[in-house]
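Asker: Chains as they are written, first to last, in our numbering: chain A, 1 to 687; chain B, 1001 to 1140; chain C, 2001 to 2072. The beta carbon of each residue, even a glycine, is placed where N, CA and C say it ideally should be. Got a structure here, written out as structure tokens. Questions coming.
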Amino acid sequence: MRRLVGVALAGALLALSGAGVQPAAAAITVDALTLSVKRVDYPALALRGLVLRLDVATSQLDLRVASLRVGPHTLQDVHFACPRAALSYPVVECRGGRMRLARKPLPVSIDFRFDLAGRGARFVAAGDRGARVDARFDPSGRLEARLSRVPIAELVRQFQGMLPGLAGWNPSGVLEAELDWRGAPSMEDQATGGARREWLRLRAGIDNGAFGSADGQRAAERLAVDLSVEASAVEDRWQWVARADWKQGAAYLHPFFVEAGPRIQASGRLRGDRLTVREASVALEGVGALAASGNFDLQQRQWTDGALSVADADLAVIGPRWLAPLVAPAAAERLRFAGRVSAGLRFEAGALRELDAVLDGAGFSQPGPAGGGVSFGPVSGHVPWRANGVTRLQLEIGGARWERLAFGPFALAARLQGDRIGFDRSVIPLLDGAVVLDGLALQRVEGEWIGRGGAVIEPVSMHLLTAAAGLPAMEGVLSASIPALSVRPGEIAFDGALVISVFDGYLQATKLRVHEPFGVASHLTGDIEARHLDLAQLTRTFSFGSITGFADADIRGLELVRWRPARFDARVASSPGRYPRRISQRAVQNISALGGGGAMAAIQRRLIGLFDTFGYRDIGFRCVLDAGVCKADGIPGVERADGGFVIVRGGGVPALDVIGYNRRIDWMELVDRLQSAIGSKAKAEVH
Amino acid sequence: MRSFRWVGMVLMVLAALLPIAAPAQGNLDIDSPAITALRASMQQRHAQLAPLYAAGAVGLAGDGTVAIRDASGVPLAQRAQVNGLVAAENADRVALYREIARANGHPEWEADVRRTFAQRWIERAQAGWWVQAGGNWVRK
Amino acid sequence: MALDMRAGVGAAMLLAAAGCVTINIYFPAAAAEKAADRIIEEVWQLREGQRAPAEPGAGTAPGAPAAEGAKP
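Set out below in structure tokens:
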């Protein structure tokens, strides 16, 4: 009797052994059967308070289970009622049975037939909309089940209690599956004490599948996936091999958009709540080989640890899909990748613990809106990183480009430790000189980089630099000593001096700051001090006519936006000292033109045609630029009754003054005039 | 003696108003070239963000940024773009707060500027847009 | 009666001190709000085609911009 009950329950509940069943009472009479079971415990399954009533006279079968636990999930208040049941010992049959879960009727009609003598059973559930589950139990302990046209959304809705994790994902689609399970515990095994063996094969297909989390950050549509699993177990220790083929559809798994194509083959173990993926290989476009392994906690529904290895990936393919959305989502559409990468990653509790990347001719670039932009590469070398530990990065960089400036090949080595990176001294060739970074150390704090170091620019010839930048050729040398370079969110400060020896004098830039280096607000500020510039060379270079003499300039609060001056307070004045001071007719005309009409007295206008050059005492000009307007002034302390300001004060014979009257000059207009003054010979990009 | 009381009252009122009234004078400079560039960039982006605000896909966060609230209504293939749009907007917003503080000679005001903007964005959001209040999303 | 005045001044100082606690007197909060409103109106184009107010940011009741309607 006890065995009968056991077998019957095994049939009804798919995988119940007789072990642990303690029927409180069981009675079979000709016309009625009542069975109640207080509790059944089984590793993957348990039930409480089962009551079965079969009334042969009215053909009514009624089964209630107060609580049914399958794996980690529990169903409460399961009720099954069959209007057309029949018992002709040892066979119990039912047609048109209905099931209620927590008083909610399931939209399926259930037929079953089972043999209390343990000679198999059949179970058919037909859904209202064509779904069908057909299961057969063999007396040897084999279960064959076929699921067809099962609506996943309906399934999840009905079994919310059992699948709490899935409900939030709103899964839908149609499931077709075939399950073959042998070795549901046989009594012989139990009796002989031999190891219980099981074998399982599942083939499933999901069609028109979809899911979506509440925030839409994980979602898929029109999925077609084929899945097959083969598994075998000895005493609950499962070994499995699985294969998944994603045939159609697309998914957004924040921040990645992925389309159908990936195929996965995997194998592993399952023991209790711990699912081990021993090896999974994924066929993914753009990746030579992708392998993964890890441990998944079924109870917590998360990966406890994992490893991923990527061999020979094409950055041009994986860069835009997998790297850009992760590292630079705002610029994802503008970033370009090239070259190849192989990498190994190890995760623990969802966090990256180790990374090893080997770059082979990798290139990264962000083209500017009008050509230029920034590019870096080809880069080859090894990037190792450990969450807890020190590693050394070693890269060979084939070159870099920043707007029109090309940097030569250099080696980049650094010490990596967690969120810190300390660069070795690196020498980056620039034309005939170099940019030397010394002791630069950066640290990532709350997603932003901060740090400090030093930099030096070893002399670069202005001749080459101006040619490269497309400026009029200048002779001289540029060098810089920046002992304190500091990086803060939104600012890179260069404390030190950048010196250009040019036109016999020098130009020194201090307090250089790059603000918001990576965005539309990017701008550069600094102060410039120029001393003893030879005006003869300067005017010759810019074809501005000819001025002999020397000038000093001070530009305070210079702000360059996209290399165009947006603000400054600039003063130009003749250098102190004794030296010849002559200004050519053309230079006078050009300076006058800068100030607009009426810069010269009519009498001087007649005079100017008579001589080629004029003597001058001094030159002075001040322009305070703000909001597109240059507030102009002339030589300080020289006032004129008519409100004009003196830019060139005459001296010697013949002498003439250049006087400005417009104290508010539109900057763009001034630049236009300057450009037409220096003519077509040179294309200075001043504006 | 009555007049003394009156003087006391006036002093009291004045003293109470002083710390509020003093900084209320004057304007903040928001016309630096960098701020102007940011304003233009954000205005241009708004054409793409406005329908996302209206649909509830993107909301105004309590910290002066924008955040994805529920992208379910956005076509799957465009969700990465929405993510990029949000990242770009936030980069501009953070730069804006920093630049306003910097343009006015007080880089240390950044957090105050951000807080002020956070309140004003939310305050002035259109009906139907989602805003964050105390960490939760609410529909205005 | 001198007591009255002292009380008044004392209260004034207390209030002033309280004011210092609650309001960061170095940060021009009102000006910042005005600046924020100007930028928000520009970015969200709240003013385009609407009545042109004399003072941007002034006279806009909270919640009112919702009715003005930004043009997407």
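Going straight from the alpha carbon of D569 of chain A to that of F621 of chain A, what length do you get?
Answerer: Translated into positions along the first sequence, residue 569 of chain A becomes position 569. Translated into positions along the first sequence, residue 621 of chain A becomes position 621. Between D569 of chain A and F621 of chain A, the C-alpha separation is close to 11 Å.
Asker: State the DSSP-derived secondary structure class of V1074 of chain B, mapped to helix, strand or coil.
Answerer: One-based indexing of the second sequence puts residue 1074 of chain B at position 74. In the structure shown, the three-state DSSP call for V1074 of chain B is coil.
Asker: By the 10 Å Cβ neighbour count, where 16 or more other Cβ atoms means buried, how is S1032 of chain B classified, buried or exposed?
Answerer: Numbered from 1 along the second sequence, position 32 holds the residue referred to as residue 1032 of chain B. It counts as buried.
Asker: Tell me, please, whether the CB atom of R2047 of chain C is closer than 8 Å to any CB atom in chain B?
Answerer: Numbered from its first residue, the third sequence carries residue 2047 of chain C at position 47. No, R2047 of chain C does not count as interfacial toward chain B.
Asker: When burial is assigned at 16 or more other CB atoms within 10 Å of the CB, is V1094 of chain B buried or exposed?
Answerer: Residue 1094 of chain B sits at position 94 when you count from the first residue of the second sequence. Flag for V1094 of chain B reads buried.
Asker: What does the Cβ neighbour count give for S448 of chain A, buried or exposed, with the cut at 16 atoms within 10 Å?
Answerer: Here residue 448 of chain A is taken as the residue at index 448 of the first sequence, counted from 1. Reading off the sequence, residue 448 of chain A comes out as Glu, not Ser. Classification of E448 of chain A: exposed, given that the 10 Å Cβ count is below 16.
Asker: Take the Cβ of A473 of chain A as the centre, count every other Cβ of all protein chains shown within 10 Å, and call the residue buried at 16 or more, exposed below.
Answerer: Looking up residue 473 of chain A in the first sequence gives position 473. Result: exposed.
Asker: Just list the beta strand (DSSP E) runs in the stretch 388-447 of chain A, keeping only unbroken ones of 3 residues or longer that don't cross its boundaries, in chain order.
Answerer: Here the runs fully enclosed are 390-397, 400-402, 405-407, 410-417, 420-423, 426-430, 433-445.
Asker: Whole angstroms are fine: how far does the CA of G286 of chain A sit from the CA of V1086 of chain B?
Answerer: Here residue 1086 of chain B corresponds to residue number 86 of the second sequence, with the count starting at 1. Here residue 286 of chain A corresponds to residue number 286 of the first sequence, with the count starting at 1. Computed Cα separation, rounded: 28 Å.
Asker: Where does G1084 of chain B fall in DSSP's three states?
Answerer: On the second sequence, position 84 is the one that residue 1084 of chain B refers to. Of the three classes helix, strand and coil, the one that applies to G1084 of chain B here is helix, per DSSP.
Asker: Thinking C-beta only, is L68 of chain A closer than 8 Å to T54 of chain A?
Answerer: Position 54 of the first sequence, counting from 1, holds the residue named residue 54 of chain A. Position 68 of the first sequence, counting from 1, holds the residue named residue 68 of chain A. Here residue 54 of chain A is Leu; the residue named in the question, Thr, does not match the sequence. Against a cut-off of 8 Å, the Cβ pair of L68 of chain A and L54 of chain A comes out as no contact.
Asker: Should R274 of chain A be labelled buried (16 or more other beta-carbon atoms within 10 Å of its own) or exposed?
Answerer: Looking up residue 274 of chain A in the first sequence gives position 274. Taking every protein chain shown into account, the CB of R274 of chain A has fewer than 16 other CB atoms within 10 angstroms, so this residue is exposed.
Asker: What in chain B is Cβ-close to V516 of chain A, meaning under 8 Å?
Answerer: Counting from one through the first sequence, the residue named residue 516 of chain A turns up at place 516. It is worth fixing the name first, because residue 516 of chain A is Glu in this sequence and not Val. Result: A1034, A1095, R1098, E1099.
Asker: Check whether chain B comes within 8 Å of V390 of chain A, counting only Cβ atoms and requiring the distance to be less than that.
Answerer: As a position in the first sequence, residue 390 of chain A is number 390, starting the count at 1. Not one chain B Cβ lies under 8 Å of V390 of chain A.
Asker: Can you find a CB in chain A that lies within less than 8 Å of the CB of A1125 of chain B?
Answerer: Along the second sequence, one-based indexing puts residue 1125 of chain B at 125. Output row for A1125 of chain B: interface = no.
Asker: For a contact defined as C-beta to C-beta under 8 Å, what are the partners of F257 of chain A on chain B?
Answerer: Position 257 of the first sequence, counted from the first residue, corresponds to residue 257 of chain A. Neighbours of F257 of chain A on chain B, chain order: L1076, A1077, R1079, A1080.
Asker: Quick one: list the residues of chain A neighbouring I1068 of chain B, beta-carbon separation under 9 Å, in chain order.
Answerer: As a first step, residue 1068 of chain B is located in the second sequence; it is residue number 68 there, counting from the start. Per Cβ cutoff of 9 Å: D215, G216, Q217, H254.
Asker: Mapping the DSSP letters down to three states, classify R203 of chain A as helix, strand or coil.
Answerer: Counting from one through the first sequence, the residue named residue 203 of chain A turns up at place 203. The answer is strand: DSSP assigns R203 of chain A an E or B state.
Asker: What in chain A is Cβ-close to A1037 of chain B, meaning under 8 Å?
Answerer: Along the second sequence, read from residue 1 onward, the residue named residue 1037 of chain B stands at position 37. V520, A521, V561, listed in chain order.
Asker: Quick check: what's the CA-CA separation for H523 of chain A versus I1122 of chain B?
Answerer: As a working mapping, residue 523 of chain A is identified with position 523 in the first sequence. As a working mapping, residue 1122 of chain B is identified with position 122 in the second sequence. For H523 of chain A and I1122 of chain B, the distance between alpha carbons rounds to 30 Å.
Asker: Buried or exposed: P83 of chain A, going by 16 or more other Cβ atoms within 10 Å of its Cβ?
Answerer: Your numbering for residue 83 of chain A matches position 83 in the first sequence. Classification for P83 of chain A: exposed.
Asker: Starting from E213 of chain A, follow the beta strand (DSSP E) in both directions and report where the run begins and ends.
Answerer: Along the first sequence, one-based indexing puts residue 213 of chain A at 213. Note on identity: in this sequence residue 213 of chain A is Ser, with Glu being the wrong assignment. It is not in any beta strand (DSSP E) - S213 of chain A carries neither H nor E in the DSSP assignment.
Asker: Looking at C-alpha atoms only, which residue of A:A521, A:Y89, A:A328, A:V379 is the closest neighbour of I397 of chain A?
Answerer: If you number the first sequence from 1, residue 397 of chain A lands on position 397. Here the closest residue by C-alpha is A:V379.
Asker: W1103 of chain B versus chain A: which residues are under 7 Å apart at the beta carbon?
Answerer: The sequence position of residue 1103 of chain B within the second sequence is 103, counting from 1. The amino acid occupying residue 1103 of chain B in the given sequence is Ala; Trp does not appear at that position. What A1103 of chain B touches in chain A: nothing, since even the nearest Cβ is about 10 Å away.
Asker: With a threshold of 8 Å between beta carbons, is A1055 of chain B in contact with chain A?
Answerer: Translated into the one-based positions of the second sequence, residue 1055 of chain B becomes position 55. So no, A1055 of chain B is outside the interface.
Asker: Roughly how many angstroms separate the alpha carbons of E348 of chain A and R556 of chain A, rounded to a whole number?
Answerer: For the purposes of this step, residue 348 of chain A is taken as residue 348 along the first sequence, with counting starting at 1. For the purposes of this step, residue 556 of chain A is taken as residue 556 along the first sequence, with counting starting at 1. Straight-line Cα distance between these residues: approximately 53 Å.
Asker: Sorted by chain position, which residues of the same chain lie with C-beta nearer than 6 Å to G183 of chain A's C-beta, five sequence neighbours on each side aside?
Answerer: In the first sequence, counting from the first residue as 1, residue 183 of chain A sits at position 183. Here the set comprises G141, R197, E198, W199.
Asker: For R404 of chain A versus A469 of chain A, is the C-beta distance shorter than 8 Å?
Answerer: Here residue 404 of chain A corresponds to residue number 404 of the first sequence, with the count starting at 1. Here residue 469 of chain A corresponds to residue number 469 of the first sequence, with the count starting at 1. Yes, these two residues count as a Cβ contact at 8 Å.
Asker: For P367 of chain A, does the count of other Cβ atoms within 10 angstroms reach 16, so buried, or fall short, so exposed?
Answerer: Taking the first sequence and counting its residues from 1, one reaches residue 367 of chain A at position 367. So P367 of chain A ends up on the exposed side.
Asker: Among A:R119, A:D115, A:T74, which residue has its Cα nearest to the Cα of A773 of chain A?
Answerer: Here chain A comprises residues numbered 1 to 687, so residue 773 of chain A is not present and cannot be evaluated.
Asker: Please list the segments of the alpha helix (DSSP H) lying wholly inside the stretch 520-547 of chain A, counting only runs of 4 or more residues, in order along the chain.
Answerer: 535-541
Asker: So within the stretch 39-69 of chain A, which uninterrupted beta strand (DSSP E) runs reach at least 3 residues, ignoring any that extend past its ends?
Answerer: 45-55
Asker: For the beta strand (DSSP E) containing I665 of chain A, list its first residue and its last residue.
Answerer: The sequence position of residue 665 of chain A within the first sequence is 665, counting from 1. Residues 664-666.
Asker: Exposed or buried, Y252 of chain A, counting other C-beta atoms within 10 Å across all chains shown (16 or more means buried)?
Answerer: The residue given as residue 252 of chain A occupies position 252 in the first sequence. When all chains shown are included, Y252 of chain A counts as buried.
Asker: Starting from the Cα of G634 of chain A, find the closest Cα among A:L594, A:A266, A:R673 and give me that residue.
Answerer: Locating residue 634 of chain A in the first sequence gives position 634, counting from the first residue. When only C-alpha atoms are compared, the closest one is A:L594.
Asker: From F550 of chain A to V374 of chain A, what distance separates their C-alpha atoms?
Answerer: For this step, residue 550 of chain A is matched to residue 550 along the first sequence. For this step, residue 374 of chain A is matched to residue 374 along the first sequence. If I take the Cα positions, the gap works out to 38 Å.
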